[in-house]
Amino acid sequence: MNTDIQALHLLERDLEAVAGRERDRLDSVGRTLEGGGPGAPRRLPRRGRGGSHAWSGVAAALVAVLVLAGGIGYLSQGGSDNGATPASGAADSVSTGAPQATTAPEDEAVRDQAVAPGTGGSIESPNERLHVDNDSALSYLDQVGGGDAAGSATRQGVGAVPAQQGDLTKIIRDGRIGIVIADGSFSKGVSRVTQIARSTGGFVLESSSRDERSGTLTLRIPANRFDDAMLALRGLAEELQGEVEFQDITGQDVTAEFIDLGARLEILQDRRDLLRDIQADATSSSEILRLAALIDDVTLQIENIQGRLKFLRDQVAEATIRVEVRERDVQPEDPGPDTENPSLADSFELAVQGFLRILGAIVIGLGYMIPLAVIALLVWGVITLARRRDRGAS
Amino acid sequence: MLEERTDSELLIASRTEPEAFTELYRRHAEDLLRYFARRTLDPETAAELTAETFAEAFASRANYRDQGVNGVAWLYGIARHRLGRFFRNGRVEAAARRKLGMPERDLAPQDYERIEDLIDFAPIREALVEALDTLNDEQRDALRLRVIDGLGYAEVAERLKCTEQNARQRVSRGLRKIALLLQERGMQLTTEVET
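So the protein lines, in turn, are chains A and B.
Take 22 as the starting number for the first sequence in the working numbering and just add one per residue.
Take 176 as the starting number for the second sequence in the working numbering and just add one per residue.
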């Protein structure tokens, strides 16, 4: 090097020393590899710190893959946790024949009415077993003495909403009551609940029991007899030397939705009438077809609204009461950990559940990634081969 | 023969023949020192950056890929990166030298003048004079005598009544401060075309 700057000469000496040390390292590695034969490839190990960098790179890549897999798994599950928690697995109650048998006459009566000819089909309902049509609703409301506005509205048909707006209050009521009764009195308790449902004009929609010592019944009661039914159920606790464990009553006001749907229905019906008039005067086939399509569209909207109105009326006309009955020495069902205010044990349980869910999501995500990894591996292989070929050619 | 190889060939060869790297050093060390000196205006900083750049290049020579670009461009890529970090942090890092077990060396007294000779102050003289006000009295006086008046360090020391080493330090620190300031203001410190 042709320079009189001493610093550069010193630096050259330092670099030569570094190169010398590196040469020694390579030689020692070469000697180690010679055991694999003279033609053995000389893949050089990294320096100590370089090795740790390599490991941290591998660890970072692994973490990235796991996070990616977790994300894919989470998305593949619909992006939400809709699975039941393990702690709530106790809810897998077994339906028994006994309570169903006692309620069969009522249920069958309703179901028979549900298949009356010339009706609009099933009504959207929280429980698919409840199929009630226009006519059956009429007869049923007559049977339960439903002289309220909802009943009269049903009687006049779903298109007659504006005519029954005298009663503007439409509330869907739901109740839930837990009764603890004396040991050995479960069957009697179920029988009495069924009687209460019948005496208040309702019926047992659904029932299930566990070991014939505890169970749940879902009652459908005419809305105007809801309070009577709740009172009678409270009385049942005393009657069977038990007590009321809990009681919840909720009400959902659907008045606004009711009025809104009624107004929209009236407008749509007017529009359909108008379209039909125009269609009657139409002369060209293309115009007739276009109008028919418009009428179909409006009719579809009308039917949607009528269906919703019918469902709401049914919900308003009948309240739902969920009755949980258990004998005194039967432990109540574990409702699962309280996620809003968990105890230490619940927190641990939630943590384990969370860990297992994330693990599950990662496993699912890895399943999705395997085909992608195979494709990536193939691409990498092709590129590597091409590079080697190029180097060989050069 | 190493002398006959191109820069790229030397870099690739240095993976298994480390001594090939010293040939690359010999070819480009002074140019790289000039590159740094003209941008930092400070001999000490320029020498440190040169050493750190070569150390980093040696440590990462396995990452060099011959993609039709001259090996020296790769070297100057590292240099630009080092220089950028110096202007951001105001100091020269020594991580690569430590990693290779290289000592951090002080400049020999005569090197200050040698390296300053590599700096072409003419294009930035005006900016330099304007920036003198940002220095303290000692640094400003030393810098004016050395760079504006062109006196040697022995004379500068005599005029300022201090040792030569002290005079060098004042000039060096003053130049470094000005280089950082001008860089901060976005002023081009050199008209040299980068490799």
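Glycine included, each C-beta is placed from N, C-alpha and C at the ideal position.
Taking 8 Å as the upper bound for CB-CB distance, P218 of chain B and D316 of chain B are not in contact here, some 19 Å apart. The alpha carbon of R348 of chain B has as its nearest neighbour, out of B:T191, B:A332, B:T215, the alpha carbon of B:T215. Your pair V346 of chain A and G236 of chain A checks out as a contact, with CB atoms roughly 6 Å apart and the cut at 8 Å.
Here Q268 of chain A is exposed. Its C-beta has fewer than 16 other C-beta atoms within 10 Å. Within chain A, no C-beta atom comes nearer than 8 Å to that of A212 of chain B; the closest sits roughly 10 Å away.
DSSP places I323 of chain B in no alpha helix (DSSP H); its state is neither H nor E. In the structure shown, E279 of chain B adopts coil according to DSSP, grouped into three states. Residues of the region 37-52 of chain A that bring their beta carbon within less than 7 Å of a beta carbon in chain B comprise E37, V39, A40, E43, R44, L47, in sequence order. The distance from the Cβ of G94 of chain A to that of G381 of chain A is about 7 Å, consistent with a contact at the 8 Å cut-off. Straight-line measurement puts the Cα of V225 of chain A at about 22 Å from the Cα of G205 of chain A. Cα atoms of D411 of chain A and T197 of chain B: separation of roughly 29 Å, rounded to the nearest angstrom.
Excluding five sequence positions before and after M176 of chain B, none of the CB atoms of its chain fall closer than 7 Å to its own CB. In this structure, I200 of chain A keeps its C-beta atom at 8 Å or more from the C-beta atom of V351 of chain A.
Beyond the five residues adjoining it in sequence on each side, L275 of chain B comes within less than 8 Å, by CB distance, of A230, F233, A234 in the same chain, given in chain order. Between the region 23-34 of chain A and the region 276-285 of chain B there are three or more inter-stretch CB-CB distances shorter than 8 Å, so the stretches are counted as touching.
Beta-bridge partners of V265 of chain A (DSSP): A:I200.
Cβ-Cβ separation between I316 of chain A and L296 of chain A: approximately 5 Å, consistent with a contact (criterion under 8 Å). Under the three-state reduction of DSSP output, Q273 of chain A falls in the strand class. The beta carbons of V337 of chain A and V395 of chain A sit about 58 Å from each other, so the pair does not count as a contact at 8 Å.
Counting along the chain, the unbroken alpha helix (DSSP H) around G349 of chain B starts and ends at 339-359.
Just so you know, the alpha carbons of E37 of chain A and A212 of chain B end up roughly 24 Å apart.
Within the model, the alpha-carbon separation for L293 of chain B versus T191 of chain B is close to 34 Å. The residues V267, A269, E279, in chain order, have a CB closer than 8 Å to that of E223 of chain B in the same chain once the five nearest residues on each side in sequence are set aside. Identification of chain B residues near I404 of chain A by a Cβ-Cβ cut-off of 9 Å yields none; the smallest Cβ-Cβ distance measures about 14 Å. In this structure, the beta-carbon distance from L357 of chain B to A302 of chain B falls below 8 Å. When only Cα atoms are considered, A277 of chain A and L321 of chain A end up about 22 Å apart. For a Cβ distance threshold of 8 Å, nothing in chain B lies close to Q374 of chain A: the least Cβ distance comes to about 46 Å. Looking at the DSSP output, F247 of chain A shares a beta bridge with no other residue. Here D335 of chain A is buried. Its C-beta has 16 or more other C-beta atoms within 10 Å. Cα atoms of R293 of chain A and L312 of chain A: separation of roughly 10 Å, rounded to the nearest angstrom.
Looking at the DSSP output, T237 of chain A shares a beta bridge with A:S229, A:E345. Distance check between P243 of chain A and each of A:A258, A:I217, A:R378 places A:I217 closest, using alpha-carbon atoms only. If you draw a straight line from the Cα of I342 of chain A to the Cα of L240 of chain A, it comes to about 5 Å. At a beta-carbon threshold of 7 Å, the residues of chain A lying near L275 of chain B are V39, ordered along the chain.
Each residue's CA atom was taken as its position, placing S230 of chain A and V88 of chain A some 44 Å apart.
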